[in-house]
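Residue numbers for the sequence shown, in the working numbering: 191 to 697.
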Amino acid sequence: MRNSRWLSVFVVCALSATLARGDTLADIQARGTLIWGADAEGGGPYVYPDPEQPRSMIGFEAELADALAGELGVRAEFFQGPWHNLPAVLATGQIDIVLNGYELTPSRAARMEHTRPYYVYELALLARRDNDALTAWDDLDQPAPGDRKFKIGVLQASAAQFYLEERFADTVEVVVYEGTTDSMREVETGKLDATLTDQPAAVFYRDRFAALHQVGRPVARGYYVILMRQGDETLRDALNEAIDRLLADGKLEAIYQRYGLWNEAQLELVNLGATDEELGIRAEKLGGWAVIRSRGGLLVEAAGVTIVLACLSMPLAMLLGLGVALARMFGPWPLRWLAIGYIELLRGTPLLLQLYTVFFLLPEVGIRIPAFYAAVAGLAINYSAYEAEIYRAGLQAVPRGQMEAALALGMSHALALRRVIIPQAVRIVVPPVTNDFINMFKDTSICSVITVMELTKQYTVQQNNTGATLELAALTALLYLAMSIPLARLASYLEKRLTPKPRGPAA
């Protein structure tokens, strides 16, 4: 009897969840708003802040969202989210739809509902006008000058990334960015040979990046669709009907014309269907052990990048931090104030901003640092400020009498520091320094913003491509644990080894 009661409760809950999931349209109409997710960081012409009213969003997709909401009898409400994570945000229920230049792919078709296409896109290859080594698509079939791979920037988890990885795996190094304009800027400064981006972005930014030009004709035609949670068929059908009406009465064309996006390819919209079969898409869902076998190697390789990043950055941070601590405590007053300013500047500004400065701003003045070394430098400089304070505390913990005794024995000040004070301070600071080393393994994830493909970045890319959140997250967590637990054990061992043992009473 009791088991039957619990079974009934379970069935009711399951049915309720299913009904709730499929009733998103009713929720939208009840609250009076259609919450659409997009990333304004991606910029124009999709969705971006109005130059005259920065709190308001404009762009062809912002106008499309308003038009669709109007067709549903509600108003549109913008929700900001990172582009590559918008499907995950959708799954949490915080937004109703994803409307932000999402290409229809087999993986997305398997995991989410989608509307009929609202835009037909193509991919445009942009290179510097003075780059004679890249003047046609055929040039990518051969190595770049110097027998190296062409470096081409793409938006993370975009159709451009998948196209290059499949078509030019042997001759192109794909560099992943979180913003379209970031890769265009890197082509302009010479860090990249080219960038592959969707045609709307290429058209919108051609005046801003006048040093670039389009190489050859656009390729790889595909479709932008609106994404919804699985089970939202009612909302999907309503949006399909709304798109049909906007297309029939010319409103959709008018929106695209305002942004210079209407072209011959959009004439195809009239005859396009809404189902995967009609669009030539075969839904592919990857999960379980299959995704671990196929993507696990990529995560392990990325974990190796994380290890190398941390192991190169931390020793540099320790050496630099020790120097800053000594300058603050024992240097002349100008050097002391300089050390204090260094520490406060680095502790008072985000690591993300510091990495941006090293990687994106220095090339503007002619200093180009490869992404990996920029990440090492950024991490080392940032952590050196914290290590300096740890070393200062360790140095202050050494009794003053130690220095006085060393000087009384005829040692110079520098020799006393090197032979007496610093060794004792090092024993004191081993635990906090080791903890910082463990934290650095996790902070390497921030380096993804400057295109370093470390563990967290690789997880994000593969999760977005496959939708296997649980499996890939579990493997990623295990890899981080495999890196941090040995360090924690080493810290405990060193702490015990370096702690002086109390002496027994004298006989």
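Ideal placement from N, C-alpha and C gives every residue a C-beta, glycine not left out.
Please read these numbers as outputs of a predicted model, since none were measured by experiment.
Status (buried if at least 16 other CB within 10 Å, exposed otherwise) for residue i
{"i": "I248", "result": "buried"}
{"i": "G222", "result": "exposed"}
{"i": "T282", "result": "exposed"}
{"i": "D229", "result": "buried"}
{"i": "Q652", "result": "buried"}
{"i": "Y683", "result": "exposed"}
{"i": "P290", "result": "In the sequence as presented, Pro is not what sits at residue 290; that position holds Asn. It counts as buried."}
{"i": "Y573", "result": "buried"}
{"i": "W273", "result": "buried"}
{"i": "A377", "result": "Here residue 377 is Val; the residue named in the question, Ala, does not match the sequence. V377 is buried by the Cβ-count criterion."}
{"i": "E454", "result": "exposed"}
{"i": "L645", "result": "buried"}
{"i": "H603", "result": "exposed"}
{"i": "D360", "result": "exposed"}
{"i": "P540", "result": "exposed"}
{"i": "A492", "result": "buried"}
{"i": "I675", "result": "exposed"}
{"i": "L605", "result": "exposed"}
{"i": "R319", "result": "exposed"}
{"i": "L512", "result": "buried"}
{"i": "R485", "result": "buried"}
Straight-line Cα distance separating residue j from residue i
{"i": "Q456", "j": "I530", "result": "60 Å"}
{"i": "Q648", "j": "L417", "result": "23 Å"}
{"i": "G440", "j": "L671", "result": "56 Å"}
{"i": "R211", "j": "Q219", "result": "Its pLDDT being 48, under 50, R211 is placed unreliably by the model, and the measurement read from it follows with that caveat. Spanning the two alpha carbons is a distance of roughly 15 Å."}
{"i": "A565", "j": "Y367", "result": "15 Å"}
{"i": "V616", "j": "E251", "result": "57 Å"}
{"i": "T624", "j": "L510", "result": "16 Å"}
{"i": "L669", "j": "L502", "result": "19 Å"}
{"i": "V409", "j": "L313", "result": "5 Å"}
{"i": "L262", "j": "L489", "result": "43 Å"}
{"i": "Q284", "j": "G657", "result": "18 Å"}
{"i": "R679", "j": "M673", "result": "11 Å"}
{"i": "I612", "j": "L569", "result": "24 Å"}
{"i": "E685", "j": "R396", "result": "59 Å"}
{"i": "M302", "j": "V279", "result": "12 Å"}
{"i": "E253", "j": "L462", "result": "22 Å"}
{"i": "R357", "j": "Q332", "result": "12 Å"}
{"i": "G447", "j": "P390", "result": "A small correction: the amino acid at residue 447 is Gln; Gly does not occupy that position in the sequence shown. Straight-line Cα distance between these residues: approximately 12 Å."}
{"i": "A660", "j": "A299", "result": "According to the sequence as given, residue 660 is Leu; it is not Ala. In a straight line, the C-alpha of L660 is about 19 Å away from that of A299."}
{"i": "T650", "j": "N275", "result": "8 Å"}
{"i": "Q404", "j": "L677", "result": "50 Å"}
{"i": "W452", "j": "R537", "result": "49 Å"}
{"i": "L662", "j": "V639", "result": "21 Å"}
{"i": "A444", "j": "E242", "result": "22 Å"}
{"i": "A317", "j": "A400", "result": "11 Å"}
{"i": "A575", "j": "D427", "result": "56 Å"}
{"i": "T295", "j": "V288", "result": "14 Å"}
{"i": "K381", "j": "P560", "result": "8 Å"}
{"i": "V702", "j": "M508", "result": "As shown, the chain starts at 191 and ends at 697. That puts residue 702 outside it, with no answer to give."}
{"i": "D328", "j": "M374", "result": "21 Å"}
{"i": "I557", "j": "F550", "result": "10 Å"}
{"i": "L600", "j": "E594", "result": "Looking at the sequence shown, residue 600 is not Leu but Gly. Those two C-alpha atoms are separated by around 10 Å."}
For residue i: DSSP bridge partner residues
{"i": "T385", "result": "L316, G343"}
{"i": "M247", "result": "P239"}
{"i": "Q304", "result": "In the sequence as presented, Gln is not what sits at residue 304; that position holds His. DSSP lists L417 as partners of H304."}
{"i": "G556", "result": "DSSP, once it has assigned bridges, lists no residue as partnering G556."}
{"i": "T624", "result": "Its beta-bridge partners do not exist; DSSP assigns none."}
{"i": "Q270", "result": "A228"}
{"i": "R338", "result": "A334"}
Cβ pair residue i, residue j closer than 7 Å
{"i": "A257", "j": "R265", "result": "no"}
{"i": "L315", "j": "A350", "result": "no"}
{"i": "L425", "j": "T641", "result": "no"}
{"i": "N655", "j": "S246", "result": "no"}
{"i": "G406", "j": "A347", "result": "no"}
{"i": "L354", "j": "V364", "result": "yes"}
{"i": "T496", "j": "T666", "result": "no"}
{"i": "F631", "j": "M504", "result": "no"}
{"i": "G412", "j": "E293", "result": "yes"}
{"i": "V619", "j": "A578", "result": "no"}
{"i": "T371", "j": "G233", "result": "yes"}
{"i": "P589", "j": "A681", "result": "no"}
{"i": "I636", "j": "L543", "result": "no"}
field: Cβ pair count under 8 Å reaching 3, the stretch 579-590 against the stretch 508-522
entry: Taking one beta carbon from each stretch, the stretch 579-590 and the stretch 508-522 have 3 or more pairs nearer than 8 Å; the two touch.
task: Evaluate the contact criterion for the stretch 340-352 versus the stretch 419-432: three or more CB pairs, one atom per stretch, below 8 Å.
output: No, because fewer than three Cβ pairs between the stretch 340-352 and the stretch 419-432 fall closer than 8 Å, the two stretches do not touch.
- prompt: Should the stretch 224-241 be regarded as contacting the stretch 263-277, the criterion being three or more beta carbon pairs within less than 8 Å?
  reply: Here the stretch 224-241 lies against the stretch 263-277, with 3 or more beta-carbon pairs under 8 Å apart.
query: Taking three-plus beta-carbon pairs below 8 Å as touching, is the stretch 429-438 in contact with the stretch 302-311?
result: Note that the stretch 429-438 touches the stretch 302-311; at least 3 beta-carbon pairs, one per stretch, sit closer than 8 Å.
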